[in-house]
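In our numbering, each number is its position in the sequence shown, counted from 1, plus 72.
Heads up, the beta-carbon is just placed ideally off N, CA and C, and yes, glycines get one too.
What follows is one structure encoded as structure tokens, with my remarks underneath.
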Amino acid sequence: MEEKRRRDERFIEAIRQNRAGMFRVARMMLRSDSDAEEAVADATACAYAHIHTLRSWEAVRPWLMRITVNTCHKVLRRRKRELPSDDAALFDRPIAPREAENIWALVERLDALYSVPLVMAYAEGMKLEEIAAALHVPKGTVSARMTRGRQKLKTWMEEER
């Protein structure tokens, strides 16, 4: 019983420390604050239900991020089924150059394939290894996606000048 209480306390602390990062990743993928909040809540519930699968508390951050990414993928699949094909473009709305006042506005324009690792690295301070673990891809893939994302950002920034 004491062990369960300690585990629950550690879980609550891990969520407290990572919730903002989970939200940023979800927001980047879902492009909606309300959907991101819901995804983080669902990811938190899922993580608690599967806490027994966590191999090490040192790996809790990438584990939570992976659950968040998986939850967002479920939301996107559900969204795809629910929306008529013409409405799908609403979620891919490009941001006009005048609206892109800072780098994060440009990052939001990137496909989630590129924006998520960039957010994990620059907003969350995650290491390449942690990002690779969270996304279940090799480090080289993460590095390549980040490089491509930065290249796209650079191109967009040059176009705005």
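On the CB-based measure, 16 or more other CB atoms within 10 Å of its CB, does I84 come out buried or exposed? Classification for I84: exposed.
Sequence-distant residues of the same chain with beta carbon closer than 6 Å to T116, five excluded per side: Counting only Cβ-Cβ distances below 6 Å, and skipping sequence neighbours, we find I87.
Between the C-alpha atoms of L178 and L225, what's the straight-line distance to the nearest angstrom? A direct Cα-to-Cα measurement between L178 and L225 gives close to 7 Å.
Less than 8 Å separating the beta-carbons of A216 and I203? Taking 8 Å as the Cβ cut-off, A216 and I203 do not qualify as a contacting pair.
Just how far apart, CA to CA, sit H124 and D114? Pairing H124 with D114, the inter-Cα distance amounts to about 17 Å.
Are there 16 or more other CB atoms within 10 angstroms of the CB of A160, so buried, or fewer, so exposed? Unreliable placement is indicated for A160, whose pLDDT of 37 sits below 50; the coordinate value is still reported in the next sentence. The residue in question, A160, is exposed, as its Cβ has fewer than 16 Cβ neighbours within 10 Å.
I need the straight-line Cα distance from R149 to A119, nearest angstrom please. Going by the C-alpha atoms only, they are around 20 Å apart.
With a cut-off of 8 Å on the beta carbons, I'd call V112 and M101 a contact; round off their distance for me. About 11 Å separates the two Cβ atoms, so there is no contact after all.
Straight-line Cα distance separating A195 from T219: The straight-line gap from Cα to Cα measures roughly 16 Å.
Under DSSP, the alpha helix (DSSP H) around T116 begins and ends at which residues? Taken as a continuous stretch (DSSP letters only), the alpha helix (DSSP H) holding T116 covers 105-121.
With distance defined between alpha-carbon atoms, name the residue in H208, G221, L207, V209 nearest to R181. Just measuring C-alpha positions, the residue of H208, G221, L207, V209 sitting nearest R181 is G221.
Leaving out the 5 sequence neighbours to the left and right, which residues in its chain are closer than 6 Å to M198 when beta-carbon positions are compared? For M198, the CB contacts under 6 Å within the same chain, skipping 5 residues up- and downstream, are M192 in chain order.
S215 by DSSP, collapsed to three states: which one? Note: S215 maps to helix in three-state DSSP.
CB contact flag (A131, A205, <8 Å): Against a cut-off of 8 Å, the Cβ pair of A205 and A131 comes out as a contact.
Straight-line Cα distance separating R78 from I175: I175 and R78: Cα-Cα distance of roughly 41 Å.
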